[in-house]
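Peer 1:
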Amino acid sequence: MKNNRISLLLCAAVLALSVMSCADAGSTDTSVTDTAAPTPNDTAAVTEEETVLPYNYELSDFGGYEFVFLNEAEIENNWANPLIAPEEANGETINDALYNRKIAVEDALNITIREEGIAGDRLASTTKKTVTAGDATYDAVMNRNNDIGSLITGGYLADLRSMEQLHFDEPWWDTIVCDTATINEKLYFASSDISLFPFEATWVLYFNETLLNRYDIEYPYELVREGKWTLDEFYKIVKAGTNVNSTEYNPGGSDIYGIVTHNQFMGALMAGAGEKFLAVDDAGYPRSLEITDRFYDVAQKITNITADKNQYVDRIVQTLKTPSTDSTTEFMMGTFLFNAETLGHIYKLRSFEDNFGVLPMPKYDEAQPSYISMMATWGVLLTTVPKTNTDPERTGTILDYLAYQSYISLMEPYYDAFLTQKGARNEDSADMLSIIRDTRDVNLGYLFSWSNSMEEPIREKLMRGSTEIASIVAKHQSKVQTAIDKTMDKIEENE
Numbered sequence: 136m137k138n139n140r141i142s143l144l145l146c147a148a149v150l151a152l153s154v155m156s157c158a159d160a161g162s163t164d165t166s167v168t169d170t171a172a173p174t175p176n177d178t179a180a181v182t183e184e185e186t187v188l189p190y191n192y193e194l195s196d197f198g199g200y201e202f203v204f205l206n207e208a209e210i211e212n213n214w215a216n217p218l219i220a221p222e223e224a225n226g227e228t229i230n231d232a233l234y235n236r237k238i239a240v241e242d243a244l245n246i247t248i249r250e251e252g253i254a255g256d257r258l259a260s261t262t263k264k265t266v267t268a269g270d271a272t273y274d275a276v277m278n279r280n281n282d283i284g285s286l287i288t289g290g291y292l293a294d295l296r297s298m299e300q301l302h303f304d305e306p307w308w309d310t311i312v313c314d315t316a317t318i319n320e321k322l323y324f325a326s327s328d329i330s331l332f333p334f335e336a337t338w339v340l341y342f343n344e345t346l347l348n349r350y351d352i353e354y355p356y357e358l359v360r361e362g363k364w365t366l367d368e369f370y371k372i373v374k375a376g377t378n379v380n381s382t383e384y385n386p387g388g389s390d391i392y393g394i395v396t397h398n399q400f401m402g403a404l405m406a407g408a409g410e411k412f413l414a415v416d417d418a419g420y421p422r423s424l425e426i427t428d429r430f431y432d433v434a435q436k437i438t439n440i441t442a443d444k445n446q447y448v449d450r451i452v453q454t455l456k457t458p459s460t461d462s463t464t465e466f467m468m469g470t471f472l473f474n475a476e477t478l479g480h481i482y483k484l485r486s487f488e489d490n491f492g493v494l495p496m497p498k499y500d501e502a503q504p505s506y507i508s509m510m511a512t513w514g515v516l517l518t519t520v521p522k523t524n525t526d527p528e529r530t531g532t533i534l535d536y537l538a539y540q541s542y543i544s545l546m547e548p549y550y551d552a553f554l555t556q557k558g559a560r561n562e563d564s565a566d567m568l569s570i571i572r573d574t575r576d577v578n579l580g581y582l583f584s585w586s587n588s589m590e591e592p593i594r595e596k597l598m599r600g601s602t603e604i605a606s607i608v609a610k611h612q613s614k615v616q617t618a619i620d621k622t623m624d625k626i627e628e629n630e
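According to the numbering used here, numbering within the sequence shown proceeds without interruption in unit steps and concludes at 630.
1. Would you tell me roughly how many angstroms separate the C-alpha atoms of Met401 and Gly198, rounded to the nearest one?
2. Find the nearest neighbour of Glu335 within the set Val203, Ile246, Trp214, Ser584, judged by alpha-carbon distance.
3. Could you say which of Arg529, Glu383, Gly580 lies nearest to Leu194 if we only look at CA atoms?
4. Give the range of the beta strand (DSSP E) segment to which Phe471 is assigned.
5. When burial is assigned at 16 or more other CB atoms within 10 Å of the CB, is Thr377 buried or exposed?
6. When you compare each of Asp620, Ser564, Arg572 to Ser505 by their alpha carbons, which one comes out closest?
7. Between the C-alpha atoms of Tyr536 and Gly252, what's the straight-line distance to the nearest angstrom?
8. With a threshold of 7 angstroms on Cβ separation, who are the neighbours of Phe332 within its own chain once the five nearest residues in sequence on each side are excluded?
9. Hey, is Phe197's beta-carbon within less than 7 angstroms of any beta-carbon in chain D?
10. Here's a check: name, in chain order, each residue in its chain whose Cβ is nearer than 7 angstroms to the Cβ of Ala434, leaving out the five neighbours to either side.
11. Would you report the Cα separation of Asn348 and Ser389, rounded to the nearest angstrom?
12. Please go through the same chain and pick out, in chain order, the residues whose beta-carbon is closer than 6 angstroms to the beta-carbon of Thr512, but skip the five residues on each side of it.
13. Starting from Val415 and walking both ways along the beta strand (DSSP E), at which residues does that stretch end?
14. Give the secondary structure of Pro527 by DSSP, where H, G and I count as helix, E and B as strand, and everything else as coil.
15. Three-state secondary structure (DSSP) at Ser389?
16. Compute the Euclidean distance between the alpha carbons of Gly531 and Trp308, then round it to the nearest angstrom.
17. Do you know offhand how far Glu428's Cα is from Ser541's?
18. Please state if the CB of Asn445 and the CB of Val373 are separated by a distance shorter than 7 angstroms.
19. Taking the beta carbon of Gly479 as the centre, do at least 16 other beta carbons fall within 10 Å, making it buried, or is it exposed?
20. Roughly how many whole angstroms lie between the Cα atoms of Ala406 and Tyr341?
21. Out of Met509, Ser584, Ser508, Phe487, which one is the CA nearest neighbour of Thr345?
22. Mind checking which residues open and close the alpha helix (DSSP H) that includes Leu233?
23. Taking just the CA atoms, how far does Pro221 sit from Asn230?
24. Let me know if Asp196 comes out buried or exposed under the rule of 16 or more other beta-carbons within 10 Å of its beta-carbon.
25. DSSP on Thr622, reduced to helix/strand/coil?
26. Going by DSSP in three states, Ile394 sits in which element: helix, strand or coil?
27. What does the Cβ neighbour count give for Glu476, buried or exposed, with the cut at 16 atoms within 10 Å?
28. Might you give, ordered along the chain, the residues of its own chain that have their beta carbon closer than 6 angstroms to the beta carbon of Lys625, omitting 5 neighbours on each side?
29. Would Thr262 and Pro521 be called neighbours here (beta carbons separated by less than 7 angstroms)?
30. Quick check: the Cα distance between Arg599 and Tyr431, rounded to an integer number of angstroms?
31. Return the residue from the list Arg249, Asp282, Val339 that minimises the CA-CA distance to Thr574.
32. Work out the CA separation of Tyr392 and Glu628 for me, nearest whole Å.
33. My guess is that Glu201 and Arg249 are in contact by the Cβ rule of under 8 angstroms, so how many angstroms apart are they, rounded?
34. Would Gly269 be called buried (16 or more neighbouring beta carbons within 10 Å of its own) or exposed?
35. With a threshold of 6 angstroms (Cβ to nearest heavy atom), would Pro355 be considered close to the ligand GDP?
36. Could you tell me which of Ala618, Tyr323, Ala565, Trp585 sits nearest to Asn278, measuring between CA atoms?
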């Protein structure tokens, strides 16, 4: 895990970023070193006292080349920030820090960076259309994770591992995500801070500190730091704090409910507990995993919470008395101990009167090596390169340096703003965000639609408090490997 101030500052920065915009499995050590970022548009402006992670790779002069990103238009998204290269500074913190980053990269490489925004549901079809036509207009495309599987099997994306200028073992790339997504030594998408979207699209737990104070329940921050934040500890808090006397759901009254969320949370909990439905073997081939007793024990621990309708409130299934089916809106009523959502929803909490904190998903037990923070399984923008790219060396250099500049220069402009934000009430949550950021991962089975047929009915059962999932596993597990084999055959056909 990248245990330094850079990681902490970035997480703090993104929290500020989320609040102000309205629209790797590692250890949990959160020690901090003295690391400062250079002035965004002057990478040489570093004093002897400052220690900035150096970029020890060769840069080139690309003679004024225009590098074009195809991206989701900012106006199209209201749950995470897709912006990469704003055209000008406008006085807004997010926009201007991204603009300064762009200028730093443009000056260093003698290029211009242009971002073309379209509707998110058109990104994949546009990628397919341009590649089919042999069109190399777009140097990189921020494609949605739920579309990437079909783009890979259709042969529309370049192998990023073949670009020697992309240094995926460096901390400016999400190493866990890139390792998870590497199959047969090939990687067709990557995650970094080129776009802040992947971080904002990561599942987190919000908790109401004010309510925990009322019930004299200790905040879980130290449990997290000590590696002791587990499903059992999560259940203890939910059980101790839930206090409902009404016979009907009444979130605006005096009753205190456990957690409000929706059924994708079941996937985030399973992933956080280390239960995956597949893995990549030593030969680089994805395999369906055997379902063990541990899997069923995780399921039981989850249903300890969900079996009680007052401990677990689903924003879709239960009849909500507010017009919105947004769990964050429900959480802001102040009668829920927890809300589970992606980080990008934090901007909605600007007006929340109660104190709140942010936590990673709990582990299965203390023996689990690390926390695991799952990205959403739909709509997450990830970096891809169309197969028609005419200069992979130039593209690799630009993307790698842009990711590096993101890592060292997006943090400091946000840090002071973070400390003044009403929603960011303490540096404990900043530590938690550091852990979350460093333990992000993707659900590869969902990305390729390999395990959906098994995962979705299991999620539904767990959400309703039922552990009767053995028949689902028996019915679908063999289908997962069949789906994998078909995908791998298609990929090989297009190589």
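Virtual Cβ for every residue (Gly too), placed ideally from N, Cα, C.
Peer 2: In short, the structure shows the following:
1. For the purposes of this step, residue 401 is taken as the residue at position 266 of the sequence shown. For the purposes of this step, residue 198 is taken as the residue at position 63 of the sequence shown. Each residue's alpha carbon lies about 50 angstroms from the other.
2. Indexing the sequence shown from 1 puts residue 335 at position 200. Minimum Cα distance to Glu335 is reached at Trp214.
3. One-based indexing of the sequence shown puts residue 194 at position 59. For the residues Arg529, Glu383, Gly580, the minimum Cα distance to Leu194 belongs to Arg529.
4. In the sequence shown, residue 471 corresponds to position 336, counting from 1. From DSSP, the beta strand (DSSP E) with Phe471 extends over 471–477.
5. Taking the first residue of the sequence shown as position 1, residue 377 is located at position 242. Per the 10 Å Cβ criterion, buried.
6. Counted from its first residue, the sequence shown places residue 505 at position 370. Measuring from the Cα of Ser505, the nearest candidate turns out to be Arg572.
7. Counting from 1 along the sequence shown, the entry for residue 536 is found at position 401. Counting from 1 along the sequence shown, the entry for residue 252 is found at position 117. Rounded to the nearest angstrom, the two C-alpha atoms are 22 angstroms apart.
8. Position 197 of the sequence shown holds residue 332. Counting only Cβ-Cβ distances below 7 angstroms, and skipping sequence neighbours, we find Ala215, Asn216, Pro217, Val515, Leu516.
9. Protein chain content of the structure displayed is limited to a single chain, and chain D is not contained in it.
10. Here residue 434 refers to the residue found at position 299 when the sequence shown is read from its first residue. These residues qualify, in order along the chain: Leu597, Thr602, Ile604.
11. Your numbering for residue 348 matches position 213 in the sequence shown. Your numbering for residue 389 matches position 254 in the sequence shown. When rounded, the distance between both Cα atoms is 16 angstroms.
12. Here the question's residue 512 lines up with position 377 in the sequence shown. Result list for Thr512: Asn578, Tyr581, in chain order.
13. Within the sequence shown, numbered from 1, the residue matching residue 415 stands at position 280. 413–415 is the span of the beta strand (DSSP E), which, as asked, contains Val415.
14. Within the sequence shown, numbered from 1, the residue matching residue 527 stands at position 392. It is helical.
15. If you number the sequence shown from 1, residue 389 lands on position 254. In the structure shown, Ser389 sits in coil (DSSP, three-state: anything other than H, G, I, E or B).
16. For the purposes of this step, residue 531 is taken as the residue at position 396 of the sequence shown. For the purposes of this step, residue 308 is taken as the residue at position 173 of the sequence shown. For Gly531 and Trp308, the distance between alpha carbons rounds to 13 angstroms.
17. Position 293 of the sequence shown, counting from 1, holds the residue named residue 428. Position 406 of the sequence shown, counting from 1, holds the residue named residue 541. Just to set this straight, residue 428 is Asp in the shown sequence, not Glu. If I take the Cα positions, the gap works out to 42 angstroms.
18. One-based indexing of the sequence shown puts residue 373 at position 238. One-based indexing of the sequence shown puts residue 445 at position 310. Their beta carbons are not under 7 angstroms apart, which means Val373 does not touch Asn445 by this criterion.
19. To locate residue 479, count along the sequence shown from 1; it is residue 344. Gly479 should be labelled buried.
20. Taking the first residue of the sequence shown as position 1, residue 406 is located at position 271. Taking the first residue of the sequence shown as position 1, residue 341 is located at position 206. Cα to Cα, Ala406 sits roughly 18 angstroms from Tyr341.
21. By one-based count along the sequence shown, residue 345 stands at place 210. Of the candidates Met509, Ser584, Ser508, Phe487, the one whose C-alpha sits nearest the C-alpha of Thr345 is Phe487.
22. For this step, residue 233 is matched to residue 98 along the sequence shown. Run containing Leu233: 228–244, per the alpha helix (DSSP H) assignment.
23. For this step, residue 230 is matched to residue 95 along the sequence shown. For this step, residue 221 is matched to residue 86 along the sequence shown. Approximately 6 angstroms, taken between the alpha carbons.
24. Position 61 of the sequence shown holds residue 196. With fewer than 16 Cβ atoms within 10 Å of its Cβ, Asp196 is classed as exposed.
25. Position 487 of the sequence shown holds residue 622. Thr622: helix per DSSP, three-state reduction.
26. Residue mapping note: residue 394 aligns to position 259 of the sequence shown, counting from 1. DSSP places Ile394 in strand when its eight states are reduced to three.
27. Walking along the sequence shown from the start, residue 476 turns up at place 341. Under this definition Glu476 is a buried residue.
28. Residue mapping note: residue 625 aligns to position 490 of the sequence shown, counting from 1. Closer than 6 angstroms at Cβ, skipping near neighbours: Thr288.
29. For the purposes of this step, residue 262 is taken as residue 127 along the sequence shown, with counting starting at 1. For the purposes of this step, residue 521 is taken as residue 386 along the sequence shown, with counting starting at 1. Going by C-beta atoms, Thr262 is nearer than 7 angstroms to Pro521.
30. Looking up residue 599 in the sequence shown gives position 464. Looking up residue 431 in the sequence shown gives position 296. Answer to the nearest angstrom: the Cα atoms are 15 angstroms apart.
31. If you number the sequence shown from 1, residue 574 lands on position 439. Per the Cα distances, Val339.
32. Along the sequence shown, one-based indexing puts residue 628 at 493. Along the sequence shown, one-based indexing puts residue 392 at 257. One C-alpha to the other measures close to 53 angstroms.
33. Mapped onto the sequence shown, residue 201 falls at position 66. Mapped onto the sequence shown, residue 249 falls at position 114. Going by Cβ atoms, the distance from Glu201 to Arg249 rounds to 6 angstroms, so yes, they are a contact pair.
34. Taking the first residue of the sequence shown as position 1, residue 269 is located at position 134. So Gly269 ends up on the exposed side.
35. Although the ligand GDP was asked about, the structure shown includes no ligands whatsoever.
36. As a first step, residue 278 must be located in the sequence shown, where it is residue number 143. Ranking Ala618, Tyr323, Ala565, Trp585 by Cα distance to Asn278 puts Tyr323 first.
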